[in-house]
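Under this note's numbering, the first residue of the sequence shown is numbered 5, with each subsequent residue one higher. The structure under discussion appears below in the form of structure tokens.
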Amino acid sequence: MSSKYIFLTVVIPSPSNPKYLIDVYLEPLIEELQNLWHVGVLTRDSARDETFAMRAALMWTVNDLPVYGMAFGWSSAGFMGCPVCMEDTRTFYLQNGRKACYFDCHRQFLPPDHPYRRNKKAFTKNRVKRKVVRPRLTGEQIRDWVEEFSPAVEVPLSLPDGYGFEHKWTKKSIFWELEYWSTHLIRHNLDVMHIEKNVFDNIFNTVMDIKGKTKDNLNAQKDLKIICNLNVPKTIA
Numbered sequence: 005m006s007s008k009y010i011f012l013t014v015v016i017p018s019p020s021n022p023k024y025l026i027d028v029y030l031e032p033l034i035e036e037l038q039n040l041w042h043v044g045v046l047t048r049d050s051a052r053d054e055t056f057a058m059r060a061a062l063m064w065t066v067n068d069l070p071v072y073g074m075a076f077g078w079s080s081a082g083f084m085g086c087p088v089c090m091e092d093t094r095t096f097y098l099q100n101g102r103k104a105c106y107f108d109c110h111r112q113f114l115p116p117d118h119p120y121r122r123n124k125k126a127f128t129k130n131r132v133k134r135k136v137v138r139p140r141l142t143g144e145q146i147r148d149w150v151e152e153f154s155p156a157v158e159v160p161l162s163l164p165d166g167y168g169f170e171h172k173w174t175k176k177s178i179f180w181e182l183e184y185w186s187t188h189l190i191r192h193n194l195d196v197m198h199i200e201k202n203v204f205d206n207i208f209n210t211v212m213d214i215k216g217k218t219k220d221n222l223n224a225q226k227d228l229k230i231i232c233n234l235n236v237p238k239t240i241a
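If you want it as structure tokens, here you go:
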């Protein structure tokens with residue numbers, strides 16, 4: 005136990021990503037975690053020259069956003085993809101880019117009297133943001149919500165009723181089998197390294213106009229003209 009960090013490797017005997025069926029391969033790990041919580045492991049304290057039952061708990065997971073959705077059970081792709089705002093996520097469809105867009109969602113997190121909320125020019129044109137973000141759901145509230153869904157154990161994955169309209173739950177995550185899981189303030193962390201790299205790559209490729217990788221394309225400029233008060237090139241008028 006001298007190592008500060010211990011990496012657990014899960015061998016998945018498949019040529020493809022299990023995606024939301026990752027819970028099947030996590031079952032042995034969850035069983036070990038339950039045993040560590042309820043029973044513990046007999047461990048020797050060399051300083052006191054005695055043994056004791058050491059117990060352990062899983063604090064959180066660390067992953068990128070797609071794996072976040074696989075582990076948490078709330079799909080992070082497309083509309084309603086935010087695992088915090090959940091079904092209250094305000095997304096819209098880009099007419100030309102043909103993608104779900106989260107532009108201008110951030111203003112709802114500002115204080116109600118913030119001047120940016122009344123700004124009709126710097127963000128979505130002619131739009132005032134009055135909506136106040138709802139309180140974040142507690143672990144107990146989320147646990148009660150997912151109780152009506154089934155674990156992901158079969159192929160193809162059968163999505164629950166209302167998926168994509170009322171919610172984005174794909175399953176009941178296997179992590180909820182840990183009785184202390186709902187008491188954690190943070191259950192899943194995003195890997196900053198991946199996020200920083202993706203953000204940097206997108207900004208760098210756009211500023212340097214890297215062919216095939218820049219986000220400043222014709223469709224993006226057309227959508228900006230629709231959404232914002234911007235002076236865009238006349239070539240797209």
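Where a beta carbon is used, it is the ideal one built from N, C-alpha and C, also for glycine. None of these values were measured; they are calculated from a predicted model.
Contact between the stretch 58–77 and the stretch 41–48 is present, with at least three C-beta pairs closer than 8 Å. Closest option to residue 26, judged by alpha-carbon separation, among 132, 198, 155: 155. According to DSSP, residue pairing for residue 78 in a beta bridge involves 173. When the beta-carbon positions are compared, residue 173 and residue 77 come within less than 7 Å of each other.
For the set 102, 171, 223, 218, the Cα lying nearest the Cα of residue 91 is the one of 171.
Taken through DSSP and simplified to helix, strand or coil, residue 150 comes out as helix.
The C-alpha of residue 72 is placed about 8 Å away from the C-alpha of residue 66. In the DSSP annotation of this structure, the continuous segment of the alpha helix (DSSP H) that includes residue 208 starts and ends at 196–211.
Between residue 147 and residue 177, the C-beta spacing is not below 7 Å. Taking 8 Å as the upper bound for CB-CB distance, residue 220 and residue 99 are not in contact here, some 17 Å apart. For the pair residue 104 and residue 127, the CB atoms are not nearer than the 7 Å cut-off.
Taking 7 Å as the cut-off, the beta carbon of residue 175 is found closer than this to the beta carbon of residue 24.
Here DSSP, grouped into helix, strand and coil, assigns residue 223 to helix. Here residue 208 is exposed. Its C-beta has fewer than 16 other C-beta atoms within 10 Å. Close CB contacts of residue 217 within its chain, under the 6 Å cut and outside five residues either way in sequence, are with 209 (chain order).
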